[in-house]
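Sequence order for the protein chains is V and L. Under the working numbering, the residue at position 77 of the first sequence is numbered 97, and the numbers go up by one with no gaps. Under the working numbering, the residue at position 128 of the second sequence is numbered 853, and the numbers go up by one with no gaps. Note that CB positions come from ideal geometry on N, CA and C, so glycine has one too. These numbers were taken from a predicted model, which means no experiment stands behind them. The structure appears right after this line, and notes come after that.
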Amino acid sequence: MVDLSVSIGRGAKQELRLQNPVMTASGTFSNGLEFARRFDLDALGALVSKGTTLRPRKGNPTQRTVETAAGMINSIGFQNIGVGALIREVAPTWARWGVPVLVNIMGDTVEEFGQLAERLDGVPGVAGLEVNISCPNVEVGGMEFGQDPATAARVVRLVRRCTGLPFTVKMTPSLSDMRPIAQAVQDAGADAITIMNTIPAMAIDIERRRPVIGNVFGGLSGPAIKPVAMRHVYLVSAVTDLPIFAAGGVTTATDALEFIMAGASAVQVGTATFRDPATPWTVLEGMRAWCDEHGVKSLGEIVGAARRMD
Amino acid sequence: MQSVTLEVIESARLYGETHILWLPLPEAFATAQPGQFVMAYCGEGYDPLLGRALSFHRTRQGASGLEFALLFDVVGRGTDWLARRERGDELRLVGPLGRGFEPRPNVQRMLLVGGGIGVAPLVGLADRLVEEGREVTLVLGARSEAGIFPASQLPPAVELIVATEDGSAGERGRVTAPFQRLLPWCDQAFACGPNAMFEALHGVVRTSQTAKPVQALLEGVMACGMGICYSCAVFPRRGGVKLVCHDGPMFDLRDLYA
């Protein structure tokens, strides 16, 4: 049987070992509670929580999602219960589960990322963080934290100072080349890199002659964006030693294996879960079967396999 | 909530642009209540990608067991694909989802109000209430006669009142006027239709200063239908945020608009 395990934060104060490389993507599995009775959550590599902010948020006006060709656009606006309620009401449940949970955190300012990291440090049930730098920085007129290497590094350095938890940094696809940001977050102390967030997008309703999404713009996800994420994983994995978590249209085991061969160490299943909540498990079983059929003993054998021609 | 793949028993255009699909009632859906819904997954590949939220319409005794129906308007790629399903074709569904209508026990006079395709869950509710020996008045509204569910398909005991905007069937106008007339008569009311209809109904409830319970079955744009995508938000006037799929789709009308 193939060894599918993945480690993040190797050598750090707290190492996180995932028994396999299949995770849920933030915002597509809520906080896991809805599915705890229906599915064997402990069989997955990790869960990533809904995007969590310092204070509770009601989120954006409707319409919040629209289906597009082999994908969808969403603009939920971080509707969430806030980090305090998450720690009080949700983390105790996570603490009883075998599957590690990473909390996806999002701040309006650099400072808020530090506060979030500090609050979550040492909370039973929280195995790590995912730092969402693909959101607007209120302090500098709304430009995404993740679009500027210096700002991204400031966020990561602060989170590193505020927590002993291992953490990954979720990258924005707003830039055509992620490599400078990836290098900056690696140097600033991140333990892993999640590639990637949704792609900024919009849709028009011709009958109303208006944007479909209440907030005008949203993020594109689903099978349609897989090739874009694939290129970013391929490019970034050449310049970093950090494990990469690939997110972007993973729907089948083949998709997941493509990302692994492009250089990812793990995958996050996102939008596909909306179509079939069992997808993370079918992806995992399919990966295992493929590795067994092809005599792959450890996932490490095929990580970046497609890059070895360079 | 379970995922099932079922073979279509019957597929037909029932009236206007409205289509009906009959499917065998699986064990997993045996407990489904009027007002609950399923997600129906359309297409063979990733396009269309997401499920379509459809109410349980009604059930019947078929040749080889209980059957249930989905009633929907053909409005886009997903429902167009659904309408082209034929006898023997497979359809994947997840359900039952959400919180359905909750008729009070021991009350007799039931007023049902449907706007457009909002009739879909009300027919199953009417079937159930008539079976329980209650009095049912069903008010249906649409733009024109083509959008009105056929009276011949309703239980004979149901009193049907029709309102069309162009006056081509029943009284001219919207469902608001008959709702206003019948509200004093009923013990409990149930409504399903577009949001503008609910707002108008609440206007009637407010001015009539009645405490009669009105249950509203909401529609929402959903990506998942299971409380995880946070797409189908509804913002009650008093504050906060609810999800149509998870907290509803049935809400007390006052909890939304008062």
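Quick check on residue i - is its C-beta less than 9 Å from some C-beta in chain V?
| i | result |
| --- | --- |
| T864/L | Residue identity differs from the one stated: residue 864/L is Val in this sequence, not Thr. No, no contact with chain V. |
| G973/L | no |
| Y955/L | yes |
| M922/L | no |
| V799/L | no |
| C911/L | no |
| A948/L | yes |
| V986/L | A question about residue 986/L goes unanswered here, because the residues of chain L that appear run from 726 up to 983. |
| G823/L | no |
| F960/L | yes |
| G965/L | yes |
| G841/L | no |
| G787/L | no |
| G741/L | no |
Find the nearest neighbour of residue i within the set the options, judged by alpha-carbon distance.
| i | options | result |
| --- | --- | --- |
| V819/L | I953/L, D980/L, V969/L and C949/L | C949/L |
| E870/L | V855/L, R899/L and P773/L | R899/L |
| M216/V | V253/V, L277/V, V121/V and V22/V | V253/V |
| G268/V | V248/V, S257/V, L277/V and A282/V | V248/V |
| V676/L | Y740/L, M764/L and Y771/L | As displayed, chain L neither begins before 726 nor continues past 983, which places residue 676/L out of reach and without an answer. |
| M87/V | R802/L, G787/L, F797/L and Q786/L | For clarity, residue 87/V is Glu in the given sequence; the question names Met instead. Taking only the C-alpha atoms, the option nearest E87/V is R802/L. |
| D891/L | G872/L, V883/L, P903/L and L879/L | G872/L |
| D296/V | S318/V, T271/V and E313/V | T271/V |
| A921/L | H782/L, D772/L, I886/L and L981/L | L981/L |
| V729/L | I233/V, A298/V and N94/V | A298/V |
| L255/V | R139/V, D225/V and L195/V | L195/V |
| M126/V | E164/V, L24/V and P193/V | E164/V |
| D62/V | T72/V, N40/V and L74/V | N40/V |
| N51/V | R30/V, Q99/V, I93/V and V259/V | Q99/V |
| V708/L | G866/L, R979/L, G787/L and I745/L | Residue 708/L falls outside the range modelled here, since chain L spans only 726 to 983, and no answer is possible. |
| T274/V | W310/V, G162/V and S241/V | W310/V |
| P156/V | P243/V, W301/V and G166/V | G166/V |
| L64/V | R230/V, N152/V and F49/V | F49/V |
Residues in the same chain with beta-carbon distance under 8 Å from residue i, minus the five sequence neighbours each way, listed in chain order, please.
| i | result |
| --- | --- |
| S27/V | E35, L36, R37, L38 and P263 |
| G790/L | P749 and L750 |
| S933/L | Q905, L908 and P909 |
| V966/L | A958, V959 and F960 |
| D312/V | M21 and V22 |
Compare the C-beta of residue i with all C-beta atoms of chain L and state if any pair is closer than 9 Å.
| i | result |
| --- | --- |
| R58/V | yes |
| P81/V | yes |
| T85/V | yes |
| N48/V | Here the sequence assigns Thr to residue 48/V, which means Asn is not the residue at that position. Yes, T48/V counts as interfacial toward chain L. |
| G91/V | yes |
| N217/V | no |
| K190/V | no |
| I125/V | no |
| E54/V | yes |
| N94/V | yes |
| Q99/V | yes |
| K317/V | no |
Using C-beta distances below 6 Å, list every residue in its chain close to residue i, excluding the 5 sequence neighbours before and after it, in chain order.
| i | result |
| --- | --- |
| I101/V | P76 |
| A208/V | A173, V176 and R177 |
| V969/L | L943, G945, C957 and V959 |
| M250/V | A282 |
| P773/L | C767, R802 and G803 |
| A210/V | V176 and V189 |
| R84/V | S95 and I96 |
| S140/V | In the sequence on display, residue 140/V carries Leu and not Ser. Within the same chain, L140/V has close Cβ partners V123 and V146. |
| R868/L | E890 |
| A204/V | P169, A172 and A173 |
| A276/V | V270, V287, V303 and M307 |
Among the residues of its own chain, which have a CB less than 7 Å from the CB of residue i, if the five just before and after it don't count?
| i | result |
| --- | --- |
| V316/V | V22 and I322 |
| R859/L | Q833 and M835 |
| R108/V | none |
| C182/V | G134, A137, E138 and D141 |
Inset, instruction - Check whether the segment 31 to 48 of chain V touches the segment 272 to 290 of chain V, taking contact to mean three or more Cβ pairs, one atom from each stretch, closer than 8 Å. - result: yes
Legend entry - Members of the segment 271 to 298 of chain V near chain L, C-beta cut-off 9 Å: T271, T291, A292, T293, F294, R295, D296, P297 and A298
Inset, instruction - Please determine if the segment 950 to 961 of chain L and the segment 74 to 83 of chain V are in contact, where contact requires at least 3 C-beta pairs separated by less than 8 Å. - result: yes
Inset, instruction - Evaluate contact between the segment 837 to 857 of chain L and the segment 804 to 813 of chain L, counting only Cβ atoms and requiring at least three cross-stretch pairs below 8 Å. - result: no
Legend entry - Meets three-Cβ-pair contact criterion under 8 Å: the segment 175 to 184 of chain V and the segment 126 to 134 of chain V: yes
Inset, instruction - Taking 8 Å as the threshold, find out whether the segment 832 to 845 of chain L comes into contact with the segment 905 to 924 of chain L through three or more Cβ pairs. - result: yes
Legend entry - Contact set between the segment 926 to 946 of chain L and chain V, restricted to residues whose Cβ is under 7 Å from the partner: V946
Legend entry - Stretch pair the segment 782 to 802 of chain L + the segment 301 to 317 of chain V: three plus CB contacts closer than 8 Å: no
Legend entry - Three CB pairs or more closer than 8 Å across the segment 111 to 124 of chain V and the segment 198 to 205 of chain V: no
Legend entry - chain L contacts made by the segment 232 to 261 of chain V, where a contact means CB separation under 7 Å: G242 and P243
Legend entry - Contacting positions in the segment 757 to 777 of chain L - beta carbon closer than 8 Å to chain V: Y766, G770, Y771, D772, P773, L774, L775 and G776
Legend entry - Contact between the segment 765 to 780 of chain L and the segment 813 to 833 of chain L (3+ Cβ pairs under 8 Å): yes
Inset, instruction - Compile a chain-ordered list of the residues in the segment 807 to 837 of chain L whose CB is closer than 9 Å to at least one CB of chain V. - result: R817 and V819
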